[in-house]
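Chains as they are written, first to last, in the numbering used here: chain A, 11 to 84; chain B, 823 to 989. The beta-carbon is built from N, C-alpha and C at its ideal position, and this holds for glycine as well. If you're wondering where the values come from, they're calculated on a predicted model, not measured in any experiment. Single-structure report; data block below.
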Amino acid sequence: MATATLNAEGLNCPLPILRAKKMLKTLNAGDILEISATDPGSVADFSAFCNQTGNELLSSSSEGNIYKFEIKRS
Amino acid sequence: MPDTNKLDNAKSMSIIVTKGSLDWAYPPFILATTAAAMDVNVTMFFTFYGLPLLKKELDMKFTSLGNPAMEMPMMGGHMAMPNLLSVMPGVGGMAGKMMKNLMAKKGVASIEELREAAVESDVRLIACQMTLDLFEYSTDDMIDGVELGGAATYIEGALKSDINLFI
Numbered sequence: 011m012a013t014a015t016l017n018a019e020g021l022n023c024p025l026p027i028l029r030a031k032k033m034l035k036t037l038n039a040g041d042i043l044e045i046s047a048t049d050p051g052s053v054a055d056f057s058a059f060c061n062q063t064g065n066e067l068l069s070s071s072s073e074g075n076i077y078k079f080e081i082k083r084s
Numbered sequence: 823m824p825d826t827n828k829l830d831n832a833k834s835m836s837i838i839v840t841k842g843s844l845d846w847a848y849p850p851f852i853l854a855t856t857a858a859a860m861d862v863n864v865t866m867f868f869t870f871y872g873l874p875l876l877k878k879e880l881d882m883k884f885t886s887l888g889n890p891a892m893e894m895p896m897m898g899g900h901m902a903m904p905n906l907l908s909v910m911p912g913v914g915g916m917a918g919k920m921m922k923n924l925m926a927k928k929g930v931a932s933i934e935e936l937r938e939a940a941v942e943s944d945v946r947l948i949a950c951q952m953t954l955d956l957f958e959y960s961t962d963d964m965i966d967g968v969e970l971g972g973a974a975t976y977i978e979g980a981l982k983s984d985i986n987l988f989i
């Protein structure tokens, strides 16, 4: 299982989601995508995105102004 | 990830795009690209002043005229633009430049970028044939992949859609 990273810091809605989707397409089932973002709206948006697409949101956390997400590709 | 685009039970959304100014171009393109990223089949129907958003060269204008609720962040506060000021020569152009600068500073995507994402994610783009005739546009001026259609084309798709928006 591979792990990929996406730096979406400084990007505003809907770019973090669009970039994440683009990267997920290049991954295989079971691979992990680690995302860092600064958009506070991305917390709710990545949750909704994963609910709808069936990809698993393994974790959602924040360190200061940085929001971190781990998504497992379904 | 199952390719829901190929499944009959995939969700779908349609948007009628009627306005082509810089500010009004955002909601349809943001919703279309995000829905496509969430495996929703999206159709955008461009009619009247929304049609120029399909032109190869985008030249969107923005004005605060007729939009008295618009406020721009300014030195820690917000500045509204009275309509009386908005009609002055040069004020509209200045507001447009301010808006574009603000968007770039805040990491907001350009319309060009969102439109490219829409094309890449197979959003169906329909240009209204009647608007094309009325305002004498040519498909040669439009980006590749645009379909031509009319009200019936839209209705057929909208009847099968889970979300239908008019923007």
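Residue i to residue j, Cα distance in whole Å?
| i | j | result |
| --- | --- | --- |
| B/Ala949 | B/Val968 | 7 Å |
| B/Thr869 | B/Thr953 | 6 Å |
| B/Phe990 | B/Phe884 | Lying outside 823 to 989, the shown extent of chain B, residue 990 of chain B is not represented and no answer is given. |
| A/Thr63 | B/Met901 | 41 Å |
| B/Ser908 | A/Glu66 | 49 Å |
| B/Val913 | A/Ala54 | 38 Å |
| A/Arg83 | B/Pro874 | 38 Å |
| B/Ala973 | B/Leu844 | 25 Å |
| A/Ser52 | B/Met925 | 18 Å |
| B/Met799 | B/Ser932 | The first residue shown for chain B is 823 and the last is 989, placing residue 799 of chain B beyond what the model contains. |
| B/Leu981 | B/Ser836 | 10 Å |
Short check: CB of residue i to CB of residue j, under 7 Å?
| i | j | result |
| --- | --- | --- |
| B/Asp984 | B/Ser834 | yes |
| A/Ile76 | B/Ala859 | no |
| B/Asp854 | B/Ala940 | A small fix is needed here, since residue 854 of chain B is Ala in this sequence, not Asp. A contact, by the Cβ cut-off of 7 Å. |
| A/Ile45 | A/Thr13 | no |
| A/Ala39 | A/Arg29 | no |
| B/Phe867 | B/Tyr959 | no |
| B/Gly872 | B/Gly842 | yes |
Let me check one thing: in DSSP terms, what residues is residue i bridge-paired to?
| i | result |
| --- | --- |
| A/Ile76 | A/Glu73 |
| B/Glu958 | In DSSP, B/Glu958 forms no bridge with anything. |
| B/Ser985 | The sequence given here places Ile at residue 985 of chain B; Ser does not occur at that position. For B/Ile985, which the question treats as bridged, DSSP gives the partners B/Met835. |
Below 8 Å on the Cβ atoms is my contact criterion, and I expect residue i with residue j to pass it. Report the Cβ-Cβ distance as a whole number of Å.
| i | j | result |
| --- | --- | --- |
| B/Gln951 | B/Gly971 | 7 Å |
| B/Leu987 | B/Leu876 | Not a contact, Cβ separation roughly 18 Å. |
Requested in this report: Can you check the region 836-866 of chain B for any alpha helix (DSSP H) of at least 4 residues that lies completely inside it and give the ranges in chain order?
Outcome: 844-859, all fully within the region 836-866 of chain B.
Report task. Identify every run of the beta strand (DSSP E) within the region 11-66 of chain A, keeping only runs that are complete inside it and at least 3 residues long; order them along the chain. Result -> Taking only runs of at least 3 residues, the beta strand (DSSP E) segments lying wholly in the region 11-66 of chain A are 13-18 and 42-47.
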